[in-house]
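Peer 1: Just so you know, we're using full-length UniProt numbering here: the sequence shown kicks off at 1 and counts up by one.
Just so you know, even glycine gets a beta-carbon here, dropped at the ideal spot from N, CA and C.
Remember, predicted model here, so these are calculated numbers, not experimental data.
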Amino acid sequence: MIGVIWDDRFLNISFSHPMIRDIAKARIRKFRELLEGIKDEILFIKPEPAKEEDLLVVHSKEYLRKLKEASNSPYIGFLDEGDTVHYPGMFDDVLLILGGSITAIKFSSFLDFIYVPLGGFHHALPCRAMGFCPINDIAIAAKILSKTRRVAILDVDAHHGNGLQRILYSDEVLKINIFGYDGHFFPGDGKMDEIGEGKGKGLNLNIPLPRGSGDDAFAEALKVTQVLEDFRPDYLLVNAGVDGHKDDSLHFLNLSANSFNYLGQKVRRLQRELNFKVISYGGGGYGESSALCMFEYILGYLGKKDNPEEETMGNAEIVRQEVDEILKTFYSSFVKNHS
Numbered sequence: 001m002i003g004v005i006w007d008d009r010f011l012n013i014s015f016s017h018p019m020i021r022d023i024a025k026a027r028i029r030k031f032r033e034l035l036e037g038i039k040d041e042i043l044f045i046k047p048e049p050a051k052e053e054d055l056l057v058v059h060s061k062e063y064l065r066k067l068k069e070a071s072n073s074p075y076i077g078f079l080d081e082g083d084t085v086h087y088p089g090m091f092d093d094v095l096l097i098l099g100g101s102i103t104a105i106k107f108s109s110f111l112d113f114i115y116v117p118l119g120g121f122h123h124a125l126p127c128r129a130m131g132f133c134p135i136n137d138i139a140i141a142a143k144i145l146s147k148t149r150r151v152a153i154l155d156v157d158a159h160h161g162n163g164l165q166r167i168l169y170s171d172e173v174l175k176i177n178i179f180g181y182d183g184h185f186f187p188g189d190g191k192m193d194e195i196g197e198g199k200g201k202g203l204n205l206n207i208p209l210p211r212g213s214g215d216d217a218f219a220e221a222l223k224v225t226q227v228l229e230d231f232r233p234d235y236l237l238v239n240a241g242v243d244g245h246k247d248d249s250l251h252f253l254n255l256s257a258n259s260f261n262y263l264g265q266k267v268r269r270l271q272r273e274l275n276f277k278v279i280s281y282g283g284g285g286y287g288e289s290s291a292l293c294m295f296e297y298i299l300g301y302l303g304k305k306d307n308p309e310e311e312t313m314g315n316a317e318i319v320r321q322e323v324d325e326i327l328k329t330f331y332s333s334f335v336k337n338h339s
């Protein structure tokens, strides 16, 4: 039995650009329909809205005032330079979204895997929105959990989790980020030599995938998760964004749905070996195949597969060399700073 955080209000929530808001909403609706086929294996959990003080775990009071002002405005506009939408009443939706993460933490005491389909807002910074993300729900969850537990994050969204990296850069939280990168693809950062600082030194692992990387390159990148054996987390937070799919409207990578099924299998295998709890997020995804990819991730975790797509190839050797370099850096730094 797995848990899925669900509220029918999710069907009408999106902070994406107006050009893709309908796509984002359709993704959540289609995903919920697909779940009906495996509903006997799911405990649907209704989230309790977060409190304002929960936002303050990461975000500033000044930024909360800005969110409230935007929410009280009768107009639709942008919280940032033209990506993240605000609309009347959106602050209540923000609290509901964050409540999904906090509710998942509460239910993780008796469920090993909980999925938050409308979550994974990894770009937001303490004082600003960015990239369709009004808040950083994963960073807040990591901050809450890491007070008493050992926490690792695996972020495979096609866009680098720049907000997560900046907020947790000096925290003793292991951050593994697999993403598309050419120096320009949004948000344009995530260099391999950004390894963390202070208590977090050596715990920030960036694995940039070149444009057009296929399923084989993604599988190579996931080999970096062997570092979990040394870090030994109590919780693994997985941002399983599916915008790396080849048909995504914001595409950069060339993944098929097979990659997300494999990701689910990988997470389950690691969990069995290392005995940690998993809270996972839907992340990004802006194409007709997004719901299918989300569903394949869940199926992969359950040891199933229902995907007719052919596997894709590209850049495996480049990524293999990157992973070798990252592992060498990690082990030399980990022994020095965390043993």
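1. Since I believe residue 139 is in contact with residue 98 (beta carbons under 8 angstroms), could you give me their beta-carbon distance rounded to a whole number of angstroms?
2. Indicate the three-state DSSP secondary structure (helix, strand or coil) for residue 150 in the structure shown.
3. Considering only the beta carbon of each residue, do residue 270 and residue 231 sit closer than 8 angstroms?
4. Does residue 133 come out as helix, strand or coil in the three-state DSSP assignment?
5. What are the boundary residues of the beta strand (DSSP E) that includes residue 116?
6. Determine the contact status of residue 307 and residue 261, defining contact as a CB-CB distance below 8 angstroms.
7. Relative to the C-alpha of residue 162, which residue among 146, 200 and 204 is closest?
8. Taking the CB atoms as reference points, tell me whether residue 7 and residue 46 lie closer together than 8 angstroms.
9. Quick check on this structure: which residue in 115, 148, 272 and 160 has the alpha carbon closest to the alpha carbon of residue 298?
10. Nearest to residue 124 by CA position, among 63, 26 and 317, is which residue?
11. Just verifying my parser: in three-state terms, what is the DSSP assignment at residue 160?
12. Can you round the beta-carbon distance between residue 93 and residue 13 to whole angstroms, since I take them to be within the 8 angstroms contact cut?
13. Could you give the C-beta distance for residue 84 and residue 19, rounded to a whole number, given that I count them as a contact under 8 angstroms?
14. Taking the alpha-carbon of residue 242 as reference, which of 160, 149 and 51 has the nearest alpha-carbon?
15. Helix, strand or coil: which one does DSSP assign to residue 275?
16. Over what stretch of residues does the alpha helix (DSSP H) that includes residue 222 continue unbroken?
17. Just the Cα atoms here: how many angstroms apart are residue 322 and residue 22?
18. In its own chain, which residues sit with a C-beta less than 6 angstroms from the C-beta of residue 48, not counting the 5 before and 5 after it?
19. Roughly how many angstroms separate the alpha carbons of residue 277 and residue 24, rounded to a whole number?
20. To the nearest angstrom, report how far apart residue 274 and residue 55 are at their CA atoms.
21. Under 8 angstroms between the Cβ atoms of residue 180 and residue 263?
22. When you compare the stretch 210-223 with the stretch 307-318, are there three or more beta-carbon pairs, one atom per stretch, that lie closer than 8 angstroms?
23. Can you tell me whether residue 127 is buried or exposed, with buried defined as 16 or more other CB within 10 angstroms of its CB?
24. Note the first and the last residue of the continuous beta strand (DSSP E) segment covering residue 44.
25. With a CB to CB cut of under 6 angstroms and the five nearest residues on each side skipped, what residues in its chain are close to residue 223?
26. Which one or two residues does DSSP pair with residue 155 in a beta bridge?
27. When the Cα atoms are used, what is the spatial distance from residue 74 to residue 142?
28. Considering Cα atoms alone, identify which of 156, 208, 33 and 247 is closest to residue 282.
29. Under the rule that 16 or more other beta-carbon atoms within 10 Å means buried, what is residue 340, buried or exposed?
30. Just grab the DSSP bridge partners of residue 206 for me.
Peer 2: Taking the definition as stated:
1. Locating residue 98 in the sequence shown gives position 98, counting from the first residue. Locating residue 139 in the sequence shown gives position 139, counting from the first residue. Not quite, the Cβ-Cβ distance comes to about 11 angstroms (not below 8 angstroms), so this is no contact.
2. Along the sequence shown, read from residue 1 onward, the residue named residue 150 stands at position 150. In this structure, residue 150 counts as coil in the three-state DSSP scheme.
3. Within the sequence shown, residue 270 is the residue found at index 270, counting from 1. Within the sequence shown, residue 231 is the residue found at index 231, counting from 1. Going by C-beta atoms, residue 270 is not nearer than 8 angstroms to residue 231.
4. Within the sequence shown, numbered from 1, the residue matching residue 133 stands at position 133. Residue 133 falls in the strand class under three-state DSSP.
5. Start at 1 with the first residue of the sequence shown, and residue 116 comes out as number 116. Taken as a continuous stretch (DSSP letters only), the beta strand (DSSP E) holding residue 116 covers 113-116.
6. Position 307 of the sequence shown holds residue 307. Position 261 of the sequence shown holds residue 261. A contact, by the Cβ cut-off of 8 angstroms.
7. Along the sequence shown, one-based indexing puts residue 162 at 162. With distances taken between Cα atoms, residue 162 lies closest to 204.
8. Numbered from 1 along the sequence shown, position 7 holds the residue referred to as residue 7. Numbered from 1 along the sequence shown, position 46 holds the residue referred to as residue 46. Taking 8 angstroms as the Cβ cut-off, residue 7 and residue 46 qualify as a contacting pair.
9. Stepping through the sequence shown from its first residue, residue 298 is reached at position 298. Of 115, 148, 272 and 160, the residue nearest in Cα terms is 115.
10. Counting from one through the sequence shown, the residue named residue 124 turns up at place 124. Checking every option, the nearest Cα to that of residue 124 belongs to 63.
11. Locating residue 160 in the sequence shown gives position 160, where the first residue counts as 1. Here residue 160 sits in coil by DSSP.
12. For this step, residue 93 is matched to residue 93 along the sequence shown. For this step, residue 13 is matched to residue 13 along the sequence shown. Right, the Cβ-Cβ distance comes to about 5 angstroms (below 8 angstroms), so this counts as a contact.
13. Indexing the sequence shown from 1 puts residue 84 at position 84. Indexing the sequence shown from 1 puts residue 19 at position 19. No, residue 84 and residue 19 are not in contact; Cβ-Cβ is about 13 angstroms, not under 8 angstroms.
14. Counted from its first residue, the sequence shown places residue 242 at position 242. The candidate whose alpha carbon is nearest that of residue 242 is 160.
15. On the sequence shown, residue 275 is found 275 positions in, with the first residue counted as 1. Looking at residue 275 - three-state DSSP - the assignment turns out to be coil, as it is neither helix nor strand.
16. As a first step, residue 222 is located in the sequence shown; it is residue number 222 there, counting from the start. Its alpha helix (DSSP H) spans residues 215-222.
17. If you number the sequence shown from 1, residue 322 lands on position 322. If you number the sequence shown from 1, residue 22 lands on position 22. Going by the C-alpha atoms only, they are around 37 angstroms apart.
18. For the purposes of this step, residue 48 is identified with residue 48 of the sequence shown, where counting begins at 1. Contacts found: 99 and 103.
19. Translated into positions along the sequence shown, residue 277 becomes position 277. Translated into positions along the sequence shown, residue 24 becomes position 24. Distance between the alpha carbons of residue 277 and residue 24: 28 angstroms.
20. Indexing the sequence shown from 1 puts residue 274 at position 274. Indexing the sequence shown from 1 puts residue 55 at position 55. Using only the alpha carbons, I get a separation of about 31 angstroms.
21. Numbered from 1 along the sequence shown, position 180 holds the residue referred to as residue 180. Numbered from 1 along the sequence shown, position 263 holds the residue referred to as residue 263. Contact: no.
22. yes
23. On the sequence shown, residue 127 is found 127 positions in, with the first residue counted as 1. Exposed, by the Cβ-count rule.
24. For the purposes of this step, residue 44 is identified with residue 44 of the sequence shown, where counting begins at 1. Note, residue 44: beta strand (DSSP E), 42-45.
25. Here the question's residue 223 lines up with position 223 in the sequence shown. So the list reads 323, once near-sequence residues are dropped.
26. Here residue 155 is taken as the residue at index 155 of the sequence shown, counted from 1. Paired residues: 177 and 239.
27. Working through the sequence shown from its first residue, we reach residue 74 at position 74. Working through the sequence shown from its first residue, we reach residue 142 at position 142. The alpha-carbon atoms of residue 74 and residue 142 are separated by roughly 34 angstroms.
28. In the sequence shown, residue 282 corresponds to position 282, counting from 1. With distances taken between Cα atoms, residue 282 lies closest to 156.
29. Residue 340 is absent from the model: the chain starts at 1 and stops at 339.
30. Against the sequence shown, residue 206 aligns to sequence position 206. According to DSSP, residue 206 bridges with 177.
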